[in-house]
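Participant: Here the sequence shown stands for residues 541 to 781, numbered as in the numbering used here.
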Amino acid sequence: MVRSQFHPLQPFFPLETHPNIILTPPRLSDIPKLPDLMNDPGVCVWLTGPPHPYTLEHAEAWVRTTVEEANGILQELKDAEGSDTLKLVGGSLIRCIREIKKDGSDVLIGDVHLRRCESMELAPGVKNNGERLEDSPKLFGLVNMQRENGDPEILWSVGYFLATSHAGQGIMSNAFKAILQQWAIPRMGVRRMIGESYVENYGSRRVMEKNGFVFREILRGHVEAKDQKHDVCVFDLNLNV
541 MVRSQFHPLQ PFFPLETHPN IILTPPRLSD IPKLPDLMND PGVCVWLTGP PHPYTLEHAE
601 AWVRTTVEEA NGILQELKDA EGSDTLKLVG GSLIRCIREI KKDGSDVLIG DVHLRRCESM
661 ELAPGVKNNG ERLEDSPKLF GLVNMQRENG DPEILWSVGY FLATSHAGQG IMSNAFKAIL
721 QQWAIPRMGV RRMIGESYVE NYGSRRVMEK NGFVFREILR GHVEAKDQKH DVCVFDLNLN
781 V
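1) Less than 8 Å between C-beta atoms, sequence neighbours within five positions excluded: which residues of the same chain meet that for PRO591?
2) Between ILE613 and chain B, is there a C-beta pair that is closer than 7 Å?
3) Considering ALA610, what are the terminal residues of the alpha helix (DSSP H) in which it resides?
4) I think VAL772 touches GLU740, with their Cβ atoms under 8 Å apart; what is that distance to the nearest whole Å?
5) When we look at the beta-carbon of GLY631 and count the other beta-carbons within 10 Å, is it buried (16 or more) or exposed?
6) VAL698 and MET728 look like a contact to me (Cβ under 8 Å); what is the Cβ gap, rounded to whole Å?
7) Can you give the beta carbon distance from PRO566 to ARG656, rounded, assuming they're within the 8 Å contact cut?
8) Span of the beta strand (DSSP E) holding GLU693?
9) Taking ALA703 as the reference, which of GLY743, PRO554, ASN778 and ASN684 has the closest Cα?
10) Measure the Cβ-Cβ separation of LEU695 and ALA724 and say whether it is below 7 Å.
11) Count the C-beta pairs between the stretch 705 to 718 and the stretch 745 to 752 that are closer than 8 Å, then say yes if the count reaches three, no if not.
12) Kindly confirm or deny that the stretch 677 to 686 and the stretch 612 to 621 touch, where touching means at least three C-beta pairs closer than 8 Å.
13) Secondary structure at GLN545, three-state DSSP: helix, strand or coil?
14) Between the beta-carbon of PHE701 and the beta-carbon of VAL607, is there less than 7 Å?
15) Measure the alpha-carbon distance for SER623 versus PRO548 and round it to whole angstroms.
16) Strictly by DSSP, which residues pair up with LEU759?
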């Protein structure tokens, strides 16, 4: 018997190691809550992409984009219902980390974002039809973005954050593990991924190490954020070997 195309999301994914933590798609109701989370000094200090200070307008733009992406994936899965095989999709639905309160409500405490790499800069030895692409960053990005969903040669990247109130409890390590094992690998066909972390962010580095990533190198002054240059650790996950 073929499982539902929405497996294992029914309608959310509980974290086995933390009974009060669930993984869900993004929601528009996250918009008013996101600025406080993203402006938390213990969160924003490790982030390079999001603007700072993070405003309600930033939250609205980001959440609406992620909800639209999630709705697109949901529609693909709906269209594939009844198929003999589970459909491979191009993104993760179980990405938002939420804590369930005693009254049954839940609150957003973090996020794990998986996306295809658009830059060649950190890609390790990628090939196209047997030819190496290291000398052509734009070509690599184009090739990587055009590969069909489920292609084992797609190079993915990961970014994540967690409220400081919930740090140090193993939540992010186990949430990322669940997303990899329960969705990214079986439902997206993920086989190759890179991760980056500030050298000083030992917690983030440990999350990747616990999930099978292998340390590759330190890039000195690789990232400039909030008027400072940062050394970055690069990690690789390769399930093709």
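The beta carbon of each residue, even a glycine, is placed where N, CA and C say it ideally should be.
The model shown is predicted, which means the values in this text are computed figures rather than measured ones.
Facilitator: On the basis of the supplied data:
1) HIS598
2) Reference to chain B is not applicable here, since this structure consists of a single protein chain.
3) 596 to 620
4) Here VAL772 is actually not in contact with GLU740; their C-beta atoms are around 10 Å apart, not less than 8 Å.
5) buried
6) That belief does not hold up - the Cβ atoms of VAL698 and MET728 are roughly 12 Å apart, past 8 Å.
7) Not really, about 18 Å apart at Cβ, beyond 8 Å.
8) Premise fails: GLU693 is in no beta strand (DSSP E) and is neither H nor E.
9) GLY743
10) no
11) yes
12) no
13) coil
14) For PHE701 and VAL607, no; Cβs fall outside 7 Å.
15) 16 Å
16) VAL772
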